[in-house]
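Trainee:
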Amino acid sequence: MPVYTDEFQTIPVGTLGILPTPGCEELASKIDSYLVKWRERRESEHKDTIAFHGYQRETYLLKASFPRFGTGEAKCQLKESVRGYDVFILCDCFNYGMTHEIYGQKVPYSPDEHFANLKRAIAAITGKARRITVIMPMLYEGRQHKRSARESLDCALMLQELYNLYGIDNFITFDAHDPRVVNAIPLNGFENVYTTYQMIKALVNSTPELKIDKEHLVIISPDEGGMNRGVYYSSMLGLDLGMFYKRRDYSRVVKGRNPIIAHEFLGSSIEGKDVIVVDDMISSGESMIEVAKKLKSMGAKNIYVCCAFGLFCNGLKIFDDAYEEGSITRVFTTNLIYRSPELLEREWYVEVDLSKYISLLVDALNHDMSISSLLNHAQRIKPFLESKGYNIEIKSE
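So the sequence shown is numbered by this note's numbering: it starts at 474 and just counts up by one.
1) Between V835, I831, M842, I491, which lies nearest to L667 when the distance is taken from Cα to Cα?
2) According to DSSP, is L858 part of a helix, a strand, or is it coil?
3) Where does P581 land, buried or exposed, given buried means 16+ other C-beta within 10 angstroms?
4) Does DSSP put G662 in a helix, a strand or coil?
5) Quick one: residues in its chain with C-beta nearer than 8 Å to the C-beta of L817, no 5 flanking neighbours on either side, listed in chain order?
6) Compare the Cα-Cα distances from G577 to each of D585, T544, K674 and report the closest residue.
7) Under 8 Å, with one C-beta from each stretch per pair, do the region 675-688 and the region 620-640 reach the 3-pair mark?
8) Can you name, in chain order, every residue of its own chain whose Cβ lies under 6 Å from the Cβ of V655, other than the five neighbours on each side?
9) Cβ of L712 within 7 Å of Cβ of K746?
10) Run the CB neighbour count on A765, radius 10 Å, all protein chains shown included, and call it buried at 16 or more, exposed below.
11) Could you check whether I755 and G799 sit closer than 7 Å to each other, using their CB atoms as the reference points?
12) Is the beta carbon of R556 closer than 7 Å to that of K601?
13) Is the separation between the beta-carbon of I595 and that of Y639 shorter than 7 Å?
14) The beta strand (DSSP E) that contains N643, what's its start and end?
15) Please go through the same chain and pick out, in chain order, the residues whose beta-carbon is closer than 6 Å to the beta-carbon of Y569, but skip the five residues on each side of it.
16) Tell me the residue span of the alpha helix (DSSP H) that contains G703.
17) Go to A596, then tell me how far its alpha helix (DSSP H) extends in each direction, as first and last residue.
18) Taking one C-beta from the region 602-620 and one from the region 636-652 each time, how about it: are there three or more such pairs within less than 8 Å?
19) Use the C-beta contact count for L739: other C-beta atoms within 10 angstroms, 16 or more gives buried, fewer gives exposed.
20) Using a threshold of 7 Å, state whether the C-beta atoms of H618 and D651 are closer than that.
21) Among the residues of its own chain, which have a CB less than 6 Å from the CB of D752, if the five just before and after it don't count?
22) If you check the beta carbons only, do G490 and L535 fall under 7 Å apart?
23) Sorted by chain position, which residues of the same chain lie with C-beta nearer than 6 Å to Y863's C-beta, five sequence neighbours on each side aside?
24) Return the chain-ordered list of same chain residues with a C-beta closer than 7 Å to the C-beta of G487, the five sequence neighbours on each side being excluded.
25) To which residues of the same chain is K674 closer than 7 Å at the C-beta, ignoring the five residues directly before and after it?
26) Label H850 either buried or exposed according to how many other C-beta atoms from any shown protein chain fall within 10 Å of its C-beta, with 16 as the threshold for buried.
27) Use the C-beta contact count for S707: other C-beta atoms within 10 angstroms, 16 or more gives buried, fewer gives exposed.
28) May I have a chain-ordered list of the beta strand (DSSP E) segments no shorter than 3 residues that lie completely inside the region 808-859?
29) Identify whether Y863 lies in helix, strand or coil by the three-state DSSP scheme.
30) Verify whether the separation of the beta carbon atoms of M611 and I810 is less than 7 Å.
31) Please state the DSSP three-state secondary structure of A781.
32) With 16 other CB atoms within 10 Å as the buried threshold, where does I776 fall?
33) If you draw a straight line from the C-alpha of D585 to the C-alpha of E546, how long is it?
34) Just grab the DSSP bridge partners of S538 for me.
35) Roughly how many whole angstroms lie between the Cα atoms of E574 and E498?
36) Looking at the secondary structure, which residues open and close the beta strand (DSSP E) in which E753 lies?
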C-alpha cells in the first residue's frame, strides 16, 4: 500500500487549490493543515522546477466570497486567479447552521441554497482551472435516487447538471444512500467512498472493553436498504449479521412516504451481546431509537450506533432520553457535515474525524495517482485491529 504522504512518482496535475463553499470552512481548514504539513516535509529534487510551481505554500485554501443581495440572490466572487489550478470544491449541502438575510429576515440555508452556491463556485472557476473536482460528503438529494411514481429524479439530475452543464471533472461523495446513482453518469468520474475503517477505528479507540468475536458482538442493519453496508462490516470484523425490515402502511402517505408500522427482526439471538447498528444517516432518529429499543427488549447489552451522517432533524431529545434509559450507549457520526454545538457536548456522542482521509485522497489525486489502496479498507482494518490485540481473519478485496 503506497504511503501517499511521502511517495509520489508523478508531477501534480496543476497547482493545488481548495475552495470551501459557505459552511465547509472548518473541514477545509483541517484538510489544508494536513496538506501544508505533508508538503513542507516532503523532499523532492524537482520541487524547484516549473512543474512544481506553487507546490509548497502556507495555505492551499482559495479566497472567495459569496455576497448576497437583499432579495436573497447571490454570486461567487474569486479573490485570486485559479488559472491552471487543480481545484477541489468542498460543499456541505446540509449545514443548517448557516443563515442569510432575505428582505431583512434571517433564514437558515437549505440544501438547495448550498447546491446553488456550489454551482456559483464552479461557474466562477470554469474556463480558468485545469481540473475541477467536487467533494460533496453527503449526496444532495441522495434519498431521491429512484423513481417509483410520477416524481422527479433529483439526484440523477444534479449529477448530470454538474457534468454536462458545468463541466466538472470528478465527483467524490461518502456512503451514498444508493451508490447505483452513478448509473446516471456512466461515462464520468464518480467515487463513492466508505467510512468503514474510520468508524471501526473510532469505535475501538473509544471502547477499549469491546470484544470483537461472534460470542460477544453482532452487526445489525436497521433496514433492508442498508444490508450491503451491514454485510461489509460483518465481513470485515468476522461477525454475525442481523436485520430489521420496515413494515409500512402503503394505504397512506405521511411527509412524502408510507409510514412505518413496525420493525421486524431477522437474525439469531442477541441476548447478552453488544450490538453495532450501522446505517448511512440519522435523519429524525425515530426509526433508529425504535430499533435500539427493540434490540434492548431482546436482551442486547450495549448498543453502538455508527452512521456516516448525523442530521438529527427533530432535535437531540429523543437520543438524550434513549441514553438515559439505556437504549443506546454511543452514537458515532463523522465530521463530514455540520454538527451543532449542542451535539458535540453530548456524553453519548463520538465524532469520527475524516479530514486526514480526505487530505490523503486530495494529495493523491493532485498527483494523478491511483487511490485504489485508499479505498480498500480491508488493507487498513486488519493491521489496525492487530495493533489493538484483536486476531481477526479478513479476506483482502
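Ideal placement from N, C-alpha and C gives every residue a C-beta, glycine not left out.
Mentor: Quick answer:
1) What sits at residue 667 in the sequence shown is Tyr, not Leu. Comparing Cα-Cα distances from Y667 to each of V835, I831, M842, I491, the minimum goes to I831.
2) In the displayed model, L858 falls within a helix according to three-state DSSP.
3) exposed
4) strand
5) Same-chain partners within the cutoff: E824.
6) T544
7) no
8) Taken in chain order, the residues that qualify are F663.
9) no
10) buried
11) No; because the gap between Cβ atoms is not below 7 Å, this pair is not in contact.
12) The Cβ-Cβ distance between K601 and R556 falls below 7 Å.
13) yes
14) 643-647
15) P581
16) For G703, the enclosing alpha helix (DSSP H) covers residues 700-710.
17) Element bounds for A596: 584-598.
18) yes
19) exposed
20) yes
21) Same-chain partners within the cutoff: P695, G699, C780.
22) Result yes, Cβ atoms of G490 and L535 sit closer than 7 Å.
23) I685
24) G557, Y558, D559, R603, R604
25) Closer than 7 Å at Cβ, skipping near neighbours: F857.
26) buried
27) Buried: at least 16 other Cβ atoms inside 10 Å.
28) Entirely contained in the region 808-859, the beta strand (DSSP E) runs reaching 3 residues are, in chain order, 822-825.
29) coil
30) yes
31) strand
32) buried
33) 13 Å
34) Q550
35) 20 Å
36) It should be noted that the sequence gives Asp, not Glu, for residue 753. First-last of the beta strand (DSSP E) with D753: 747-755.
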